[in-house]
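> The structure's right below; bear with me while I get my questions together.
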Amino acid sequence: MGSFFKPVMSPEEAVKDIPDGATIMVGGFNIGGVPYTLIEALLQHGVKDLTLICNDTAYEDVGHGKLIANGQVKKVIASHIGLNKVTQKLYNEGKLDVEFVPQGTLAERIRAGGFGLGGVLTPTGLGTLAEEGKQVLEINGKRYILELPLRADFALIKAKKADRMGNLYYWGNARNFNPLMAFAADVVIAEVEELVEVGEIDPNDVHTPGILVDRIVLSRR
Amino acid sequence: MGSFFKPVMSPEEAVKDIPDGATIMVGGFNIGGVPYTLIEALLQHGVKDLTLICNDTAYEDVGHGKLIANGQVKKVIASHIGLNKVTQKLYNEGKLDVEFVPQGTLAERIRAGGFGLGGVLTPTGLGTLAEEGKQVLEINGKRYILELPLRADFALIKAKKADRMGNLYYWGNARNFNPLMAFAADVVIAEVEELVEVGEIDPNDVHTPGILVDRIVLSRR
Amino acid sequence: MLIGISEVEAKVRIAKRIAREFKDGDVVNLGIGIPSLVSDYIPEGVRVIFHTENGMLGAGPKAREDEGTPDIIGAGGVKITVLPGGSFFSSDISFGLIRGGHIDVTVLGALEVDEEGNLANWMIPGKLIPGMGGAMDLVTGARKVFVATLHTVKGRPKIVKRCSLPLTGKRVVNKIFTELAVFEVTPEGLLLKEIAPEVDVSSLKRVTEPDFKIEEPLKIMEV
Amino acid sequence: MLIGISEVEAKVRIAKRIAREFKDGDVVNLGIGIPSLVSDYIPEGVRVIFHTENGMLGAGPKAREDEGTPDIIGAGGVKITVLPGGSFFSSDISFGLIRGGHIDVTVLGALEVDEEGNLANWMIPGKLIPGMGGAMDLVTGARKVFVATLHTVKGRPKIVKRCSLPLTGKRVVNKIFTELAVFEVTPEGLLLKEIAPEVDVSSLKRVTEPDFKIEEPLKIMEV
Chain B
0 MGSFFKPVMS PEEAVKDIPD GATIMVGGFN IGGVPYTLIE ALLQHGVKDL TLICNDTAYE
60 DVGHGKLIAN GQVKKVIASH IGLNKVTQKL YNEGKLDVEF VPQGTLAERI RAGGFGLGGV
120 LTPTGLGTLA EEGKQVLEIN GKRYILELPL RADFALIKAK KADRMGNLYY WGNARNFNPL
180 MAFAADVVIA EVEELVEVGE IDPNDVHTPG ILVDRIVLSR R
Chain S
0 MGSFFKPVMS PEEAVKDIPD GATIMVGGFN IGGVPYTLIE ALLQHGVKDL TLICNDTAYE
60 DVGHGKLIAN GQVKKVIASH IGLNKVTQKL YNEGKLDVEF VPQGTLAERI RAGGFGLGGV
120 LTPTGLGTLA EEGKQVLEIN GKRYILELPL RADFALIKAK KADRMGNLYY WGNARNFNPL
180 MAFAADVVIA EVEELVEVGE IDPNDVHTPG ILVDRIVLSR R
Chain Y
0 MLIGISEVEA KVRIAKRIAR EFKDGDVVNL GIGIPSLVSD YIPEGVRVIF HTENGMLGAG
60 PKAREDEGTP DIIGAGGVKI TVLPGGSFFS SDISFGLIRG GHIDVTVLGA LEVDEEGNLA
120 NWMIPGKLIP GMGGAMDLVT GARKVFVATL HTVKGRPKIV KRCSLPLTGK RVVNKIFTEL
180 AVFEVTPEGL LLKEIAPEVD VSSLKRVTEP DFKIEEPLKI MEV
Chain V
0 MLIGISEVEA KVRIAKRIAR EFKDGDVVNL GIGIPSLVSD YIPEGVRVIF HTENGMLGAG
60 PKAREDEGTP DIIGAGGVKI TVLPGGSFFS SDISFGLIRG GHIDVTVLGA LEVDEEGNLA
120 NWMIPGKLIP GMGGAMDLVT GARKVFVATL HTVKGRPKIV KRCSLPLTGK RVVNKIFTEL
180 AVFEVTPEGL LLKEIAPEVD VSSLKRVTEP DFKIEEPLKI MEV
């Protein structure tokens, strides 16, 4: 799957092979757990026509919200866009495709994509627009929407610490979608605040096993 | 859902309302993460006709394997019974019902039961006996078995530490099924080696939030 | 406002009233808007455990300006604190708690709420489209769903016969709290449980679209 | 034994041969029986990360008698150690790693394995019924599935034309390692890749039920 130790790269180097049209997952919820440094590198990089899978599109001038404001995104799959005025504007103007996914369903769809499961059966969204166009199964007398797995070409995630084997430790509720996305992309790029030696993160405290991580980048802020 | 602090009980007190015919989940894998003290109390209690959901039936003279040897179990839902000679014998004689579930499917079924999901869509078991009698869905050109959620009346789980609010901390690979079962039963009884004050377990290190735990019991060994 | 209190006062009244609904040990998720005020008014002696859907139990008050971190935020993005006995977890676990019925109460705002307990609070087509965030999971999974809303906005009732906006959830609301009244949603429609001291039933009917039954004896809302 | 080595020597030979298959950084799950021996023979300089399905990466050697704990065990129940850089996790995560394709290789034993890559190793109806444990997930999810088996047991070939026992997985096996040979399972059936120095192809055919193709040039197995 990869090397024993994971390469520590500059943000520019880490994102440079993300091609136009790629599907990327970006960790975070509002201002927490967002890989800000990787996003800045993507803005510099200028890659276009991205499909962006994220909980929310942050703010037009914060985090991955900037990618939308910068015209680099053609489609968003998210649970919330309300704080990014540009996302809302472009969507209302028909210039940006937005697939709204209930937040818990989004988490499970990403997990299913990374866990080799065929889909998610959830009661969330029954009787709403979230049900439209989807298969509904009746199981033991209750109805569940079949939601499909999500995967990405690249996942850009953020943790507090990494060791050289790529083991990640998160802190606070900045954990959110990051550990799920680490399972669900072909290439996983982890931005971390601190790089420690192998053995410094207690095996009991590893939230994302290093075997899932392909590249490590240190946060610039 | 319960009180702010969780009652600390004797093992006998904690299991005494488990009635004949109850479905119970028991945490553990082989010798690790098994709530031995609670099992001893159940043996004393003498409750009968249990349906036992567990990864494996341990050994005939170890842990919940003893419940089978003691004739207290009518049905087992497990991935492995090979180390408990009594389970194998009773099953071969038609005196014990055993539902075999692939281990990863068992984990997901318990999780689905506790997470409010309608089922699990897994490729595991396709083309084997594990597929028999089950609905198979074709999704994006691949086939997946629909496996149903599992829930129990009581979950007997084992952790390293608890605080008085029921927050649990596991250690090593004794974690296994325990955190999943904590979501999937009406009454969750946690056996722990150590009881600490609220605040002593770092919020970042809580593996099972206390709101899922109903009763705390200290290990006797 | 119908009763001569400011919008802020009305919101605080609603938050205070809802805050008195909880039992010691209840696990509660608060939405943004009026619901986010509720935590300031929990009565002494009642220990409520607040859940935030981004992955936390034991959410505490707002962090001090110099102490906050983006690593601990509320669902609205405000830097908050964690109380002793709290916990952090990933989003799948957070919504496992929600969908699996492990949260006692969620309090949510409304664009519209109707007599069947339908709730619309995530989009106005072509205009305001924030998205559902965690709200669809919350109304589906929480054991009780409370709606906190001003009774009217620009003179128009928020409690309607049938929601016209896209729904967040169908037949999911248990109670509705406004500055004027407390309603329970029953299989037969709305039941008025409490009325504000400043209004009578007939004036309440004028600002409430659907008919409602009245509990006897009708309680006067503590304000 | 066909070639005058003991059963133990045969098993060690298989384990050693498989141990040479791995690349530095490979993530490997070993089943019980012969597979469990493989970790003792990993060549110097190749750092394999061992996964145990009960919830661990970085599984190390057996614990010393006085140091082991039931809190860190291998899939067979033996008290083991954890290496620096290892991690512990719950069973759903462990099988997410397996089913999701994050494990490079699994090595499993066999009751029967056939030319289509079908594997039977979890039950003999009415007799031995251990259950599938994690094996069905492993053969479904691991990127490569290796079977480690004695070539014959009581004179009967373990590699058969078609498995007669209940399957663990259908068309899942990539390679078969015995003390006599290494086969690859291809869409056209078995391909002999290596042969033990003590045997020739015609004697190998006598103890192998299905026909097989022979790779040219045929390698002599390093023993």
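For the protein sequence lines, the chains are B, S, Y and V, in the order given.
If you read the first sequence in numbering that gives the first Met the number 0, its first letter stands for residue 0, the second for the next number, and so on.
If you read the second sequence in numbering that gives the first Met the number 0, its first letter stands for residue 0, the second for the next number, and so on.
If you read the third sequence in numbering that gives the first Met the number 0, its first letter stands for residue 0, the second for the next number, and so on.
If you read the fourth sequence in numbering that gives the first Met the number 0, its first letter stands for residue 0, the second for the next number, and so on.
Positions of the beta carbon are idealized from the N, C-alpha and C atoms, including for glycine.
Just so you know, these numbers come straight off a predicted model, no measurement behind them.
(1) Identify each residue in the segment 162-175 of chain B for which the Cβ-Cβ distance to at least one residue of chain Y is less than 9 angstroms, and report them in chain order.
(2) Can you give me the C-alpha to C-alpha distance between Met0 of chain V and Phe176 of chain V, rounded to a whole angstrom?
(3) Of all the CB atoms in chain V, is at least one closer than 9 angstroms to the CB of Asn203 of chain B?
(4) Does Met0 of chain Y get closer than 9 angstroms to chain S when you measure Cβ to Cβ?
(5) What span of residues does the beta strand (DSSP E) with His50 of chain Y cover, start to end?
(6) In chain order, what are the residue ranges of uninterrupted beta strand (DSSP E) at least 3 long that sit wholly in the segment 89-150 of chain S?
(7) Return the CA-CA distance between Asp65 of chain Y and Ile72 of chain Y, expressed in angstroms with no decimal places.
(8) May I ask you to report which of helix, strand or coil DSSP gives Met0 of chain V?
(9) What does Val197 of chain S touch in chain Y if you count any residue whose Cβ is under 8 angstroms from its own?
(10) For a cutoff of 9 angstroms on Cβ pairs, would you count Ser2 of chain B as touching chain Y?
(11) To test your reading of the DSSP string, which unbroken beta strand (DSSP E) runs of 3 or more residues are found completely within the segment 174-214 of chain S?
(12) Give, in chain order, every residue of the segment 13-32 of chain S whose Cβ lies closer than 8 angstroms to some Cβ of chain V.
(13) Taking the C-alpha atoms as reference points, what is the distance between Gly45 of chain B and Leu149 of chain B?
(14) For the segment 204-218 of chain S, which residues have a CB atom closer than 7 angstroms to at least one CB atom of chain Y, in sequence order?
(15) To the nearest angstrom, report how far apart Ile188 of chain B and Pro6 of chain B are at their CA atoms.
(16) Taking Gly140 of chain B as the reference, give the member of S:Gly132, S:Gly117, S:Ala158 with the closest Cα.
(17) What are the boundary residues of the alpha helix (DSSP H) that includes Pro91 of chain Y?
(18) Do three or more CB pairs link the segment 53-60 of chain Y to the segment 183-190 of chain Y at distances below 8 angstroms?
(19) Quick one: is Gln43 of chain S buried, meaning 16 or more other Cβ sit within 10 Å of its Cβ, or exposed?
(20) How would you list, in chain order, the residues of chain Y whose beta-carbon sits under 8 angstroms from the beta-carbon of Phe99 of chain S?
(21) For chain S, find out if any of its Cβ atoms is closer than 9 angstroms to the Cβ of Ile128 of chain V; answer yes or no.
(22) Since Leu105 of chain S and Val72 of chain S are thought to touch, with beta carbons under 8 angstroms apart, how far apart are those beta carbons, to the nearest angstrom?
(23) In the DSSP output, which residue or residues are listed as bridge partners for Pro196 of chain V?
(24) Tell me whether Leu89 of chain B is buried or exposed, calling it buried when 16 or more other Cβ atoms sit within 10 Å of its Cβ.
(25) Take Glu193 of chain B and list the residues in its own chain whose beta-carbon comes closer than 7 angstroms to its own, dropping the five residues that flank it on each side.
(26) Is the segment 21-40 of chain Y in contact with the segment 34-41 of chain S, if contact means three or more CB pairs nearer than 8 angstroms?
(27) Can you list, in chain order, the residues of its chain whose CB lies under 7 angstroms from that of Asp213 of chain S, leaving out five sequence neighbours each side?
(28) Strictly by DSSP, which residues pair up with Tyr58 of chain S?
(29) Mind pulling the chain V residues with CB within less than 7 angstroms of Leu128 of chain S?
(30) Is Arg170 of chain V close to chain S, meaning its C-beta is less than 9 angstroms from at least one C-beta of that chain?
(31) Just to confirm, are Ser89 of chain Y and Arg174 of chain B a CB contact at a threshold of 9 angstroms?
(32) Output, in chain order, the set of chain S residues within a Cβ distance shorter than 7 angstroms of Gly99 of chain Y.
(33) If I'm right that Ala9 of chain V touches Glu178 of chain V with Cβ under 8 angstroms, what's the distance once you round it to whole angstroms?
(34) Rounded C-beta distance between Ile17 of chain B and Ile128 of chain Y? I'm assuming under 8 angstroms.
(35) Might you give, ordered along the chain, the residues of its own chain that have their beta carbon closer than 6 angstroms to the beta carbon of Ala154 of chain S, omitting 5 neighbours on each side?
On the basis of the supplied data:
(1) Tyr169, Trp170, Gly171, Asn172, Ala173, Arg174, Asn175
(2) Taking the fourth sequence and counting its residues from 1, one reaches residue 0 of chain V at position 1. Taking the fourth sequence and counting its residues from 1, one reaches residue 176 of chain V at position 177. The predicted model places Met0 of chain V with a pLDDT of 49, which falls under 50 and marks its position as unreliable; any figure quoted below should be read in that light. Straight-line Cα distance between these residues: approximately 16 angstroms.
(3) The residue given as residue 203 of chain B occupies position 204 in the first sequence. Closer than 9 angstroms: yes.
(4) Locating residue 0 of chain Y in the third sequence gives position 1, counting from the first residue. At Met0 of chain Y, the pLDDT of 49 sits below 50, so the modelled position is not reliable; the number obtained from the coordinates is stated separately. Not closer than 9 angstroms to any Cβ of chain S, the Cβ of Met0 of chain Y fails to qualify, so no.
(5) Here residue 50 of chain Y refers to the residue found at position 51 of the third sequence. His50 of chain Y -> beta strand (DSSP E) spans 48-51.
(6) 96-99, 119-121, 135-138, 141-146
(7) For the purposes of this step, residue 65 of chain Y is taken as the residue at position 66 of the third sequence. For the purposes of this step, residue 72 of chain Y is taken as the residue at position 73 of the third sequence. If I take the Cα positions, the gap works out to 14 angstroms.
(8) Numbered from its first residue, the fourth sequence carries residue 0 of chain V at position 1. Low confidence applies to Met0 of chain V: its pLDDT is 49, below 50, so where it sits in the model is not reliable enough to give any reading.
(9) Indexing the second sequence from 1 puts residue 197 of chain S at position 198. Pro83, Gly84, listed in chain order.
(10) Within the first sequence, numbered from 1, the residue matching residue 2 of chain B stands at position 3. Answer no: the Cβ-Cβ gap between Ser2 of chain B and chain Y never drops below 9 angstroms.
(11) 184-195
(12) Phe28, Asn29, Ile30, Gly31, Gly32
(13) Here residue 45 of chain B refers to the residue found at position 46 of the first sequence. Here residue 149 of chain B refers to the residue found at position 150 of the first sequence. Distance between the alpha carbons of Gly45 of chain B and Leu149 of chain B: 24 angstroms.
(14) Val205, Pro208, Gly209, Ile210, Leu211
(15) In the first sequence, counting from the first residue as 1, residue 188 of chain B sits at position 189. In the first sequence, counting from the first residue as 1, residue 6 of chain B sits at position 7. C-alpha separation (whole angstroms): 10 angstroms.
(16) Here residue 140 of chain B refers to the residue found at position 141 of the first sequence. Nearest of S:Gly132, S:Gly117, S:Ala158 to Gly140 of chain B, Cα basis: S:Gly117.
(17) The residue given as residue 91 of chain Y occupies position 92 in the third sequence. Checking the sequence, you will find Asp at residue 91 of chain Y rather than Pro. Segment 90-98, the alpha helix (DSSP H) holding Asp91 of chain Y.
(18) no
(19) Taking the first residue of the second sequence as position 1, residue 43 of chain S is located at position 44. Classification of Gln43 of chain S: exposed, given that the 10 Å Cβ count is below 16.
(20) By one-based count along the second sequence, residue 99 of chain S stands at place 100. Going along chain Y, no residue has its Cβ under 8 angstroms from Phe99 of chain S, so there is no contact; the nearest lies around 26 angstroms.
(21) As a first step, residue 128 of chain V must be located in the fourth sequence, where it is residue number 129. So, interface residue.
(22) Position 106 of the second sequence, counted from the first residue, corresponds to residue 105 of chain S. Position 73 of the second sequence, counted from the first residue, corresponds to residue 72 of chain S. Leu105 of chain S to Val72 of chain S, Cβ: 17 angstroms. No contact.
(23) If you number the fourth sequence from 1, residue 196 of chain V lands on position 197. Its beta-bridge partners do not exist; DSSP assigns none.
(24) Position 90 of the first sequence, counted from the first residue, corresponds to residue 89 of chain B. So Leu89 of chain B ends up on the buried side.
(25) The residue labelled residue 193 of chain B in the question sits at position 194 within the first sequence. Once the five neighbours on either side are set aside, the close Cβ partners of Glu193 of chain B are Lys159, Lys160.
(26) no
(27) In the second sequence, residue 213 of chain S corresponds to position 214, counting from 1. Once the five neighbours on either side are set aside, the close Cβ partners of Asp213 of chain S are Gly1, Lys5, Val186, Val187, Ile188.
(28) In the second sequence, counting from the first residue as 1, residue 58 of chain S sits at position 59. S:Val61, per the DSSP bridge assignment.
(29) By one-based count along the second sequence, residue 128 of chain S stands at place 129. The answer, in chain order, is Pro165.
(30) Working through the fourth sequence from its first residue, we reach residue 170 of chain V at position 171. Closer than 9 angstroms: yes.
(31) The residue given as residue 89 of chain Y occupies position 90 in the third sequence. The residue given as residue 174 of chain B occupies position 175 in the first sequence. Closer than 9 angstroms, so yes.
(32) Translated into positions along the third sequence, residue 99 of chain Y becomes position 100. Chain S residues near Gly99 of chain Y: Gly113, Phe114, Gly115, Phe182.
(33) Here residue 9 of chain V refers to the residue found at position 10 when the fourth sequence is read from its first residue. Here residue 178 of chain V refers to the residue found at position 179 when the fourth sequence is read from its first residue. 4 angstroms between Cβ atoms; contact.
(34) Counting from 1 along the first sequence, the entry for residue 17 of chain B is found at position 18. Counting from 1 along the third sequence, the entry for residue 128 of chain Y is found at position 129. Not really, about 28 angstroms apart at Cβ, beyond 8 angstroms.
(35) Here the question's residue 154 of chain S lines up with position 155 in the second sequence. Hits under 6 angstroms: Met24, Met180, Ala184, Val187.
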